[in-house]
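Colleague: Here you go, one structure.
Residue numbers (my numbering): -7 to 405.
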């Protein structure tokens, strides 16, 4: 049965925008932590300057030899200066920086070969005042530079991946041996599973590994089902920021993962909406032909396009379901669906596209009535009834039919 695109029924309006705001907020929090680490490094450098600076004037003792306490202070400063200063890490979160207009990523922490040699003199044993002052000057300049550098770095944002809005490629064909209807069912299953994970993430449950697994499985479905690899790659690009969710620098990993999942679901909903085009491009879609549909749900007699063929097929499927409901003892439900279908087909106030969409909604309600144990079918039926009720303002006949059968169809609201 033809289903309404998941993006219209599965997520609340604006969910994608909310997800991006969540990612941006998490990026802001991570950057604050990184700036805090930079500030700590800068404080260390200033402390070195503070205890090393006074020895420039009083660093020698009797007979021109360095005082032991001065030499110990210099040795400690040299070890600090050589101790691999670079960007402070935040549990493997990688980032780049600029400093007063420098090119992002420029290595401003490097120690020259000459300075490196001088800083190691203290390990070889300093004997003269001249050597002491040379090393002292080198270590002091190094500490002053790092203090300035750590306080003046600007982190290049975003640190956490903030993906741009992305639509799936419009052109694609089914892979060899793939049946379009079966692929649509797989995509629907992934949407259902993803929505369950999204709800779990919103409740704070530890579902980050499960979300990663969902992305891998869903991308695999798209890779296998469609010849255009860019469809699956688009999902991976939107959710690649999930790699940050395992880092302790990220304060709210579950919320962040849920935001990426939301973007992935939004994207997959767009893929689902495009599936009729992919199916038709692969030669499995409806063909242009004269169509006549007869039955106890009304009739369509016209030379039709692919769109009206789909309408006719929907009416036929509704009729089959109505017959099954009647045989199963659900006569009232069958009669209500039959009346809705008749009204939508015959009311001249309903435009062609709206008529087709409303018939799809009736089909969704009929499917849920026939299979009441399927949560996804029931969810679609509720959305469908809401849409039918909303459209009643455009059709007096539809409004009357809904009012007459309100008690019978009210369980789908």
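Each residue gets a CB set at the ideal place from its N, CA and C atoms; glycine is no exception.
1) Residues in its own chain within less than 6 Å of residue 34 by CB, not counting five upstream and five downstream?
2) Please report the distance separating the alpha-carbon of residue 116 from that of residue 206.
3) So, with DSSP's three-state summary, where would you put residue 118?
4) Is the Cβ-Cβ distance between residue 271 and residue 154 less than 9 Å?
5) The beta strand (DSSP E) spanning residue 147 covers which residue range?
6) Name the two residues that bound the continuous alpha helix (DSSP H) containing residue 27.
7) So, under 8 Å CB-CB, residue 324 and residue 400 are touching, yes? Tell me the CB distance rounded to an integer number of Å.
8) DSSP state of residue 88, grouped into three classes?
9) Within the continuous alpha helix (DSSP H) that includes residue 187, where are the two ends?
10) Is residue 208 closer than 9 Å to residue 182 when the C-beta atoms are compared?
11) Taking the alpha-carbon positions, what's the residue 373 to residue 267 distance?
12) Return the first residue and the last residue of the alpha helix (DSSP H) that residue 244 is part of.
13) Alpha carbon to alpha carbon, what distance is there between residue 114 and residue 68?
14) Tell me whether residue 218 sits in a helix, a strand or coil according to DSSP, three-state version.
15) When you compare each of 59, 131 and 47 to residue 75 by their alpha carbons, which one comes out closest?
16) On the criterion of 16 or more Cβ atoms from any shown chain inside 10 Å, does residue 106 qualify as buried, or is it exposed?
17) Mind checking who residue 166 pairs with in its DSSP beta bridge?
18) What does the alpha-carbon distance come out to for the pair residue 368 and residue 19?
19) Below 9 Å between beta carbons: does that hold for residue 48 and residue 125?
20) Since I believe residue 313 is in contact with residue 358 (beta carbons under 8 Å), could you give me their beta-carbon distance rounded to a whole number of angstroms?
21) When the Cα of residue 253 is compared with those of 185, 103, 38 and 320, which residue comes out closest?
22) For residue 137 and residue 149, I'd like the C-alpha separation in whole angstroms.
23) So the candidates are 188, 163 and 235; which of them puts its Cα closest to the Cα of residue 222?
24) Quick one: give me the first and last residue of the alpha helix (DSSP H) that residue 77 is part of.
25) Counting only C-beta atoms, is residue 187 closer than 9 Å to chain B at any point?
26) Can you name the start and end residues of the alpha helix (DSSP H) that residue 368 belongs to?
27) Smallest Cα separation from residue 161: which of 218, 338 and 244?
Modeller: Reading from the atomic positions:
1) 139, 142 and 143
2) 59 Å
3) coil
4) Taking 9 Å as the cut-off, the beta carbon of residue 271 is found no closer than this to the beta carbon of residue 154.
5) 145 to 147
6) Unbroken alpha helix (DSSP H) run through residue 27: 7 to 44.
7) 5 Å
8) coil
9) 172 to 194
10) no
11) 21 Å
12) Premise fails: residue 244 is in no alpha helix (DSSP H) and is neither H nor E.
13) 10 Å
14) strand
15) 131
16) exposed
17) 218
18) 34 Å
19) Yes; because the gap between Cβ atoms is below 9 Å, this pair is in contact.
20) 4 Å
21) Sorting 185, 103, 38 and 320 by C-alpha distance to the C-alpha of residue 253 places 185 at the top.
22) 24 Å
23) 163
24) First-last for residue 77: undefined, no H or E at that position.
25) Judged by its chain identifiers, the structure shown contains no chain B, having just a single protein chain.
26) 367 to 383
27) 218
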